[in-house]
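Numbering (the numbering used here), first residue to last: 59 to 416.
C-beta atoms are modelled at their ideal positions from N, C-alpha and C, and glycine is treated no differently.
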Ligand code: KG4
Ligand code: ZN
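Take a look at the structure:
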């Protein structure tokens, strides 16, 4: 089955042709980073306008690179949510138009489920029950998935997403946007133990994530040490490299500390770590280390497929086709779409006497 995937939930206009959920024939990504860079973050209005400008050519390029016409495509998959409303609407409207004109089935996909299936692109097989840590600029959630298409959020961020924390700290230090890759690069020159930043403890004791306290701790430290944001072109000091390394160390430890606790409770057959922050080598190595310690295979997407792309949307559509391709053209963009549709009947939860929010 050949699926044309379309993704436009945030600041990447992307299209891809994927066969049977695993083989990528093309994956085109038009990034808006140069546009949003000067504002230090994504400007929703600029994002939707740029999607509108790019979407047609990105889809055509994906088909051309795959050496295919629309006639050979079996279905069109599109990100329905979550994301920015203007951005989502561009992709959803375009995909609906295409599906109507070409008489193709349309598959609305949850962006987070796309990140989940990004590890299926290639040879990797997801063994169920699975756990998935999805960490990006907009989301930080740990899911338990007893079987394909069933998910329960077992840990979530109470405030900022992990990628958002990277972006905000980079902004405070004047390092540019997006912060994650820059902080990671600078951190290689710093000492991760130079500054002791706190790992958040949730007051009600639930195994959740929190990053806003860490962000404030970095801000306080900068004030205390009278460190100001770098000007453009200014050289990075050892002190800033130490802050980046210590901050990254703390984020990675807090993510994996909670994840390890949940892995021990749920004992899944595989752990997926995906989303933009999964590009981070420190997170990859600690994730792998914990997986090895608990004898749970850890699946990562390639770095190219960790950040937003349309191949993962096409892949999720393939693996969930029988459930999702029924909506025809009646669905609309859903900015706060959730991925948690598991009833209380789940055995693993009952056996472990674990009660979580739905
Ligand atoms: O998945 P993604 O492309 O978009 C969202 O769905 O949000 O993730 C983007 C986020 C940004 O916050 C970016 O700073 C972060 O992923 N990121 C990283 C790295 N590469 C990207 N964070 C830490 N280390 C990285 N190497
Ligand atoms: Zn994403």
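Exercise for review: Mind checking who residue 65 pairs with in its DSSP beta bridge?
Suggested key: 72
Review point. In angstroms, rounded to a whole number, what distance separates the CA positions of residue 223 and residue 130?
Key: 43 angstroms
Practice item. Give every residue whose Cβ lies closer than 5 angstroms to any heavy atom of ligand 2, listed in chain order. Key: 194, 366
Exercise for review: Starting from the C-beta of residue 171, find all residues in its chain whose C-beta is less than 6 angstroms away, skip the five residues before and the five after it, and write them out in chain order.
Suggested key: 374, 397
Practice item. Measure the alpha-carbon distance for residue 227 versus residue 197 and round it to whole angstroms. Key: 17 angstroms
Practice item. Would you decide whether residue 159 is buried or exposed? Buried here means 16 or more other CB atoms lie within 10 Å of its CB. Key: Result: exposed.
Point to revise | Where the alpha helix (DSSP H) containing residue 110 begins and where it ends | key: From DSSP, the alpha helix (DSSP H) with residue 110 extends over 102–123.
Check your understanding: Taking just the CA atoms, how far does residue 328 sit from residue 292?
Key -> 44 angstroms
Review point. Looking only at DSSP bridge pairs, what is residue 59 linked to?
Key: Residue 59 is not bridged to any residue.
Check your understanding: Leaving out the 5 sequence neighbours to the left and right, which residues in its chain are closer than 6 angstroms to residue 62 when beta-carbon positions are compared?
Key -> 75, 131, 134
Practice item. Locate the beta strand (DSSP E) running through residue 166, then write down its first and last residues. Key: Taken as a continuous stretch (DSSP letters only), the beta strand (DSSP E) holding residue 166 covers 164–168.
**Study point:** Rounded C-alpha distance that separates residue 283 from residue 195
**Key:** 28 angstroms
Practice item. Could you name the residues that DSSP lists as bridge partners for residue 345? Key: In DSSP, residue 345 forms no bridge with anything.
Review point. CB-CB under 6 angstroms to residue 270, same chain, minus the five flanking residues each way: which ones, in chain order?
Key: 217, 218
Exercise for review: Output the residue ranges of the alpha helix (DSSP H) runs that lie fully inside the stretch 218–262 and measure 4 residues or longer, sorted by chain position.
Suggested key: 220–230, 237–245
Practice item. For the alpha helix (DSSP H) holding residue 309, just list the boundary residues, first then last. Key: Per DSSP, residue 309 belongs to the alpha helix (DSSP H) from 296–324.
Point to revise | residue 389 - DSSP class collapsed to helix/strand/coil | key: coil
Point to revise | Ordered list of alpha helix (DSSP H) runs contained in the stretch 145–215, each at least 4 residues | key: With a minimum length of 4 residues, the continuous alpha helix (DSSP H) runs that stay inside the stretch 145–215 are 169–175.
Exercise for review: For the beta strand (DSSP E) holding residue 354, just list the boundary residues, first then last.
Suggested key: For residue 354, there is no enclosing beta strand (DSSP E), as DSSP marks it with neither H nor E.
Review point. Taking buried to mean at least 16 other C-beta atoms within 10 Å of its own C-beta, is residue 251 buried or exposed?
Key: exposed
Review point. What are the boundary residues of the beta strand (DSSP E) that residue 332 is part of?
Key: 328–332
Review point. Given a threshold of 16 other Cβ atoms within 10 Å of its Cβ, counted over all protein chains shown, does residue 214 qualify as buried or as exposed?
Key: buried
Point to revise | Beta-carbon separation (whole angstroms), residue 272 vs residue 256, contact threshold 8 angstroms | key: 7 angstroms
Exercise for review: Measure the alpha-carbon distance for residue 378 versus residue 157 and round it to whole angstroms.
Suggested key: 18 angstroms
Check your understanding: Is residue 192 closer than 9 angstroms to residue 428 when the C-beta atoms are compared?
Key -> Residue 428 is absent from the model: the chain starts at 59 and stops at 416.
Check your understanding: On the three-state DSSP scale, how would you describe residue 139?
Key -> In the structure shown, residue 139 sits in a strand (DSSP, three-state: E or B).
Review point. Going by the beta-carbon positions, is the gap between residue 179 and residue 263 smaller than 9 angstroms?
Key: no
Check your understanding: Near residue 289, which residues of its chain fall below 8 angstroms by C-beta distance, leaving aside the five closest residues on each side in sequence?
Key -> Within the same chain, Cβ atoms closer than 8 angstroms to the Cβ of residue 289 are found at 232, the five residues on either side in sequence being excluded.
Practice item. Can you say whether residue 91 is buried or exposed, counting buried as having 16 or more other CB atoms within 10 angstroms of its CB? Key: exposed
Review point. Is residue 166 near residue 150, with beta carbons less than 9 angstroms apart?
Key: Cβ atoms of residue 166 and residue 150: closer than 9 angstroms.
**Study point:** Cβ shell of residue 73 (< 6 angstroms), same chain only, five flanking positions each side left out
**Key:** 64, 86, 116, 117, 120, 368
Practice item. Buried or exposed for residue 401, please, with buried defined as at least 16 other CB atoms from any protein chain shown within 10 angstroms of its CB. Key: Its pLDDT being 45, under 50, residue 401 is placed unreliably by the model, and nothing is read from it.
**Study point:** The beta strand (DSSP E) enclosing residue 285, as first and last residue numbers
**Key:** Residue 285 -> no beta strand (DSSP E), and no H or E assigned at all.
Point to revise | Sequence-distant residues of its chain with Cβ nearer than 6 angstroms to residue 88 (five each side left out) | key: 71, 112, 116
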